[in-house]
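Take 580 as the starting number for the sequence shown in our numbering and just add one per residue. Yeah, the Cβ is synthetic: ideal placement off N, Cα and C, and Gly gets one too. First comes the structure, then the notes that go with it.
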Amino acid sequence: MRPTTEELKRRAEELSLELSRLRGERDTLRFEAKRLAEKRDALRREAERLRSEAAKLREKRDTLNSEVKRLKEAREEFWRRRREALKKMKEVNLKLREVMQRLPPKSARELKGEIEKVEWIIQTEPLPLEEERRLVENIRRLENQLAVHRAARSLLEEASKLRREAESFRVKAEESHKELLRAAEESQSHHERLLQLYREIRKLRADADKVQRQYLEVRERCRVLDAKCRDVSKEVRECREELRRLEEEERAKRLLEAQKEVEKHALEKLKRKEPLTFEEFKILVEKGKV
580 MRPTTEELKR
590 RAEELSLELS
600 RLRGERDTLR
610 FEAKRLAEKR
620 DALRREAERL
630 RSEAAKLREK
640 RDTLNSEVKR
650 LKEAREEFWR
660 RRREALKKMK
670 EVNLKLREVM
680 QRLPPKSARE
690 LKGEIEKVEW
700 IIQTEPLPLE
710 EERRLVENIR
720 RLENQLAVHR
730 AARSLLEEAS
740 KLRREAESFR
750 VKAEESHKEL
760 LRAAEESQSH
770 HERLLQLYRE
780 IRKLRADADK
790 VQRQYLEVRE
800 RCRVLDAKCR
810 DVSKEVRECR
820 EELRRLEEEE
830 RAKRLLEAQK
840 EVEKHALEKL
850 KRKEPLTFEE
860 FKILVEKGKV
């Protein structure tokens, strides 16, 4: 059974209201999708910014770790060289003790004076051969004693030099250790900040993924509403087209009934031989009644 004009009008109005409601809901979801996309993109940009910061920080940390390694090797090398210097100094001190046990009672200055005095006698005074030999032997004995002083002095100087070297290596080792601690502390600070950045990046990426899932859900709901809007819009058009056809049929029916009524009235007037209006005459002509 075909619906009436009033039924079609009510149906078209109901469908229009439903379409308006669906479009409003769809537009709200589109706005929400846009907001979610912007939020997702902002989270991803922040994660990328922190990732770039982390890369630079990781490079600084690795550079500091290399510096720590270098300083550690330098410190160990200084300590090794200090041990070598102390070992040599110990050996020199042992030799020095041996030499000191042979040290003559006279000082080096006294021995030099005696040698010069004896040499002066040999050079300036005529001496019997035996006396000259005795004096030469005396010079040799004095020079041997002076050599002991020279050996002791040389060993003392060498021991002092080795002591200074050992002290210098100790200072350098401690300075390297201080620099090492500073670099290690700075590296640890960078490492802790790096771990914090990684945690923040993971959270940002997780939040971005969550927002992306929400965005896709909203987009899917938008797609479903778009399909419903198309279906309802099509139904509204079909309903309005059917309404127009029905209204045209009703207008044609009313026009036909009106023409029949005019025709009937005109025929009655003809029977009574009354004058016809132009419209009445036209209708009778079209019907072939005159």
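With respect to the 8 Å criterion, R661 and A738 are not classified as neighbours on the basis of their beta carbons. By the criterion of at least three beta-carbon pairs nearer than 8 Å, the stretch 682-691 is in contact with the stretch 726-733. Exclusion of the five residues before and after E821 leaves L587 as the residues of its chain whose Cβ lies within less than 7 Å of its Cβ. The beta carbons of R605 and C818 sit about 21 Å from each other, so the pair does not count as a contact at 8 Å. Our two residues, R590 and G603, have alpha carbons roughly 20 Å apart in a direct line. Counting C-beta pairs closer than 8 Å gives three or more between the stretch 642-661 and the stretch 744-763, which meets the contact rule. In this structure, L615 lies near V797, with their beta-carbon atoms less than 8 Å apart. Remark: fewer than three beta-carbon pairs, one from each stretch, lie closer than 8 Å, so the stretch 623-639 and the stretch 703-715 are not flagged as touching.
Taking V815 as the centre and dropping the five residues before and after it, the same chain places the C-beta of A591, L594, S595 and L598 closer than 8 Å to its C-beta, in chain order.
One alpha carbon belongs to E695, the other to A726, and they sit about 15 Å apart. Looking only at W699, E710, N723 and A664, the smallest Cα-Cα distance to L682 is reached by N723.
Per DSSP, the unbroken alpha helix (DSSP H) holding S599 starts and ends at T584 to Q680.
The continuous alpha helix (DSSP H) containing K691 extends over residues A687 to T703. Per the coordinates, the alpha-carbon of E710 lies some 36 Å from the alpha-carbon of R676.
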